[in-house]
Amino acid sequence: MIVELVGGDSLIHRLDPRVKIVVAFLFSVVVAVSNRFLVLLLALGLGLCIALLVRLPVKQFFLRLAPVNLFIIFLWFFLPFTFEGKPLFSVGPLVGTHEGVLYAARISIKSNTIMAVLIALVASTSLLTLGHAMHHLKIPKKLVHLFFFTYRYIDVINKEYLRLINAMKVRGFRPGTNMHTYRTFAYLVGMLLVRSSDRADRVHSAMRCRGFRGNLYSLSAFSLETRDVISLILMLALILVLGVLEWTIMV
Amino acid sequence: MDNNGLMIHLEDICFGYPGRPLVLDRLNLSFYEGERTGLMGSNGSGKTTLFHIIMGLLKPASGRIEVMGRPVKEEKDFRKVRKTIGLLFQDADDQLFSPTVLEDVAFGPLNLGKSPEEAQEIATKALASLGLTGFEGRVTHKLSGGEKRLVSLATVLAMEPDVLLLDEPTTGLDEATERRLVAILKNLDVSYILVSHNMDFLKEVTTGIRCMSQGTIVLDDERIPHTHIHVHEHGRYAHEHGRK
């Protein structure tokens, strides 16, 4: 299910979505390839500031960060012990290294920074607008279509899934650890696939009936305003500073 | 029209799915301008298949199709057909694929080469004609079943067709929405063929009813099925009687 969190009104809500996408993309790239802690911490601070500007409820914000950090916890279990370098601490026979801990810390900061910015982007722009902005940014048509169709049909497929689950429940199905359960779930997944494919055929037929020949046209137009240009220049400058700090030799 | 108003003409159409008996077996149909025909028939009698063949979504094994006096054979010909004939699908979720109502209704006009402004105007008009003003920005998958059906109809009407093919338009509608649909259909200035099992509905919105059985259309206008008014509990809700 897609639950959109677009409410509220802030400077970031009102920005041209194209600006937001471009900035979020460039920012993510720079953060992803940076290694210096100075740069990473600055970026994290910047990311949190942006998220703060969107005025997302704090609880929502952390709920959305949670899945990423679940993965990161696992990294903390393995990385310190599998990296070679100066020993820092030991747990029984396992030795954690200085380098391993630094590496895990970098990954933690990077992922949280990028996620913070993406959460801010998605929480301040409706998915529809995002799709149209992608279209205007000349992102390949197929990707934009995929994006739109996912948004439109994930709900329909979810409903179909719930119908099937209910049909199973009312006939007394209770999942267990046995062959019958595995087979039933396999049928369920298979049935969903077949139904989705049938649905895709019907949707395509309906589109052909209305003259579809492979092109989707967009009704919406965006316009760059002064505040968009200023934000874009400001953010590009900040990203540039991060880049300069990362790639110049420090004395 | 130079063909005495003959809009759709089917001659000896055969169609079958592999490994099963023919769904359509030498079917003939002549449909004239101004006709409002109901089409009845048991499940699997080929009503939907017939519609899909007229639209060129399925290819008949044999037979001739003429629309507006011109034979149609290939995809190229059917593209023109789809501008004159609009098909309303059984499941509105198949028809509404755009994120918002306005975009979905404007989709057809845009495909026909209209500019975004023109398309938007046509879409707004089509919505208004069905009493759906204010729905433009609504998200399609969050509409109710009845709203979805009416918006689907708007998407078809926005193509400004001369003929409508309506595939079970009342299934899943409550009585109020059905009444609304009846009023809309009565006011439309198009000819249509309408599939339904709902006798009361057919009687109100069509001028004649044909029946499909064993792959052909067997009953013509002369023997018009009739309804009896009677009283019983639950009579408030649209329902069906005496399927045989």
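Those protein sequences? They're chains C and S, same order as listed.
Under this note's numbering, residues 1 to 251 are what the first sequence spells out, in order.
Under this note's numbering, residues 1001 to 1244 are what the second sequence spells out, in order.
The beta carbon of each residue, even a glycine, is placed where N, CA and C say it ideally should be.
Among all the DSSP beta bridges, which residues are the ones paired with residue i?
{"i": "C:S90", "result": "C:V95"}
{"i": "S:V1163", "result": "S:I1085 and S:S1191"}
{"i": "S:S1030", "result": "S:H1009"}
{"i": "S:F1015", "result": "S:L1024"}
{"i": "C:C209", "result": "Answer is none; C:C209 lacks a bridge partner."}
{"i": "S:T1037", "result": "S:I1193 and S:G1208"}
{"i": "C:S124", "result": "Answer is none; C:S124 lacks a bridge partner."}
{"i": "S:V1139", "result": "S:T1100"}
{"i": "S:I1217", "result": "S:M1212"}
{"i": "S:R1070", "result": "S:V1067"}
{"i": "S:S1062", "result": "S:C1014"}
Taking the alpha carbon of residue i as the reference point, which residue from the options has its own alpha carbon closest?
{"i": "C:F83", "options": "C:I72, C:T97 and C:L26", "result": "C:T97"}
{"i": "S:A1176", "options": "S:Y1237, S:D1189, S:C1211 and S:E1118", "result": "S:Y1237"}
{"i": "S:H1009", "options": "S:G1069, S:S1042 and S:A1126", "result": "S:G1069"}
{"i": "S:T1049", "options": "S:L1150, S:D1025 and S:Q1120", "result": "S:D1025"}
{"i": "C:F148", "options": "C:T129, C:L164, C:E160 and C:N158", "result": "C:T129"}
{"i": "C:L188", "options": "C:L70, C:T150, C:A167 and C:I109", "result": "C:A167"}
{"i": "C:F81", "options": "C:A66, C:L65, C:G100 and C:R64", "result": "C:G100"}
{"i": "C:F77", "options": "C:S108, C:V33 and C:A66", "result": "C:S108"}
{"i": "S:H1052", "options": "C:D201, C:F222 and C:S223", "result": "C:D201"}
{"i": "C:I165", "options": "C:L146, C:V156, C:F185 and C:R152", "result": "C:F185"}
{"i": "S:L1185", "options": "S:D1174, S:E1204 and S:H1232", "result": "S:E1204"}
{"i": "S:V1182", "options": "S:L1130, S:A1106 and S:L1112", "result": "S:L1130"}
{"i": "C:F212", "options": "S:R1210, S:H1241 and S:A1106", "result": "S:A1106"}
{"i": "C:V156", "options": "S:D1094, S:S1213, S:L1150 and S:G1215", "result": "S:D1094"}
{"i": "C:I114", "options": "C:N178, C:D16, C:V33 and C:H13", "result": "C:V33"}
{"i": "S:G1172", "options": "S:N1028, S:F1031 and S:D1091", "result": "S:D1091"}
{"i": "C:T248", "options": "C:P175, C:R14 and C:R36", "result": "C:R36"}
{"i": "C:V194", "options": "C:E160, C:K86, C:V229 and C:L79", "result": "C:E160"}
{"i": "S:S1213", "options": "S:K1047, S:R1020 and S:L1132", "result": "S:K1047"}
{"i": "C:R306", "options": "C:S197, C:L75, C:G190 and C:V144", "result": "Since the first residue shown for chain C is 1 and the last is 251, residue 306 of chain C is missing from the structure and cannot be characterised."}
{"i": "S:N1198", "options": "S:A1128, S:A1154, S:H1241 and S:E1118", "result": "S:H1241"}
{"i": "S:A1099", "options": "C:V117, C:A123, C:H145 and C:V95", "result": "Correcting the residue identity first, residue 1099 of chain S is Pro in this sequence and not Ala. Ranking C:V117, C:A123, C:H145 and C:V95 by Cα distance to S:P1099 puts C:H145 first."}
{"i": "S:L1188", "options": "S:P1161, S:R1210, S:R1149 and S:I1013", "result": "S:P1161"}
Under 8 Å by Cβ, that's how I've got residue i and residue j pegged, so tell me the actual separation to the nearest angstrom.
{"i": "S:S1152", "j": "S:F1078", "result": "Not a contact, Cβ separation roughly 21 Å."}
{"i": "C:V68", "j": "C:S111", "result": "5 Å"}
{"i": "S:G1108", "j": "C:R210", "result": "4 Å"}
{"i": "S:L999", "j": "C:Y217", "result": "This structure leaves residue 999 of chain S out entirely; chain S is present only between 1001 and 1244."}
{"i": "S:L1102", "j": "S:A1126", "result": "That belief does not hold up - the Cβ atoms of S:L1102 and S:A1126 are roughly 10 Å apart, past 8 Å."}
{"i": "S:V1156", "j": "S:L1087", "result": "7 Å"}
{"i": "C:I119", "j": "C:L48", "result": "At roughly 11 Å, the Cβ-Cβ gap does not stay under 8 Å, so C:I119 and C:L48 are not in contact."}
{"i": "C:L11", "j": "C:L245", "result": "Rounded, the Cβ-Cβ distance is 26 Å, inconsistent with contact."}
{"i": "S:F1097", "j": "C:R152", "result": "6 Å"}
{"i": "C:L79", "j": "C:Y103", "result": "6 Å"}
{"i": "S:F1201", "j": "S:E1178", "result": "7 Å"}
{"i": "S:N1016", "j": "S:A1061", "result": "Position check: residue 1016 of chain S holds Gly in this sequence, whereas Asn was assumed. About 7 Å; that satisfies the 8 Å criterion."}
{"i": "C:L224", "j": "C:D16", "result": "6 Å"}
{"i": "C:L40", "j": "S:P1116", "result": "Not confirmed; about 44 Å, so no contact."}
{"i": "S:V1067", "j": "S:M1007", "result": "7 Å"}
{"i": "C:V117", "j": "C:I50", "result": "6 Å"}
Checklist entry - According to a CB-to-CB cut-off of less than 8 Å, which residues of the region 1106-1118 of chain S neighbour chain C? => result Against chain C - using a Cβ distance shorter than 8 Å - the residues of the region 1106-1118 of chain S are A1106, F1107, G1108, L1110, N1111, L1112 and P1116.
Next on the checklist: Can you pull out the residues from the region 190-215 of chain C whose beta carbon lies closer than 8 Å to at least one beta carbon of chain S?
Outcome noted: Listed in chain order, the positions of the region 190-215 of chain C with a beta carbon within less than 8 Å of a beta carbon of chain S are R199, R202, V203, S205, A206, M207, R208, C209, R210, G211, F212, R213 and N215.
Item to check | Residues within the region 156-176 of chain C neighbouring chain S, beta-carbon criterion of under 8 Å | outcome: Along the region 156-176 of chain C, going in chain order, the ones with a CB nearer than 8 Å to a CB of chain S are V156.
Next on the checklist: Does the structure place the region 1149-1166 of chain S close enough to the region 1192-1200 of chain S that three or more beta carbon pairs sit under 8 Å?
Outcome noted: They touch, by the three-pair rule.
Next on the checklist: To be precise: take each residue of the region 118-131 of chain C, compare its Cβ to all Cβ atoms of chain S, and keep it if any distance is under 8 Å. Which residues remain?
Outcome noted: Result list: L127, L128 and G131.
Item to check | contact_flag[the region 1143-1150 of chain S, the region 1064-1081 of chain S] where n(CB pairs < 8 Å) is 3 or more | outcome: The answer is no - the region 1064-1081 of chain S does not touch the region 1143-1150 of chain S, with fewer than three Cβ pairs under 8 Å.
Item to check | Residues of the region 134-152 of chain C whose Cβ lies closer than 8 Å to any Cβ of chain S, in chain order | outcome: Correct list: F148, F149, Y151 and R152.
Checklist entry - At a Cβ cut of 8 Å, what residues of the region 1075-1086 of chain S count as close to chain C, listed as they run along the chain? => result For the region 1075-1086 of chain S, which is checked against every Cβ of chain C, the residues closer than 8 Å are R1079, R1082, K1083 and G1086.
Checklist entry - Counting Cβ pairs, one atom from each stretch, are 3 or more of them under 8 Å apart for the region 1132-1141 of chain S and the region 1043-1062 of chain S? => result Contact fails between the region 1132-1141 of chain S and the region 1043-1062 of chain S, because fewer than three Cβ pairs, one in each stretch, are under 8 Å apart.
Item to check | the region 1033-1053 of chain S / the region 239-247 of chain C touching (three or more Cβ pairs under 8 Å) | outcome: Cβ pair count under 8 Å is below three, so no.
Checklist entry - Is there contact between the region 59-75 of chain C and the region 7-25 of chain C, where contact requires at least three CB pairs shorter than 8 Å? => result Of all C-beta pairs linking the region 59-75 of chain C to the region 7-25 of chain C, fewer than three are shorter than 8 Å, placing the two stretches out of contact.
Item to check | the region 130-137 of chain C contacting the region 27-43 of chain C, beta-carbon criterion three pairs below 8 Å | outcome: Segment contact: the region 130-137 of chain C against the region 27-43 of chain C, fewer than three CB-CB distances shorter than 8 Å; contact not assigned.
Item to check | Contacting positions in the region 218-231 of chain C - beta carbon closer than 9 Å to chain S | outcome: Considering only beta carbons, the part of the region 218-231 of chain C lying closer than 9 Å to chain S consists of S218, L219, S220 and A221, in chain order.
Item to check | Interface positions of the region 1122-1148 of chain S facing chain C (Cβ-Cβ less than 9 Å), listed along the chain | outcome: Within the region 1122-1148 of chain S, the qualifying residues are A1123, V1139, T1140, H1141 and K1142.
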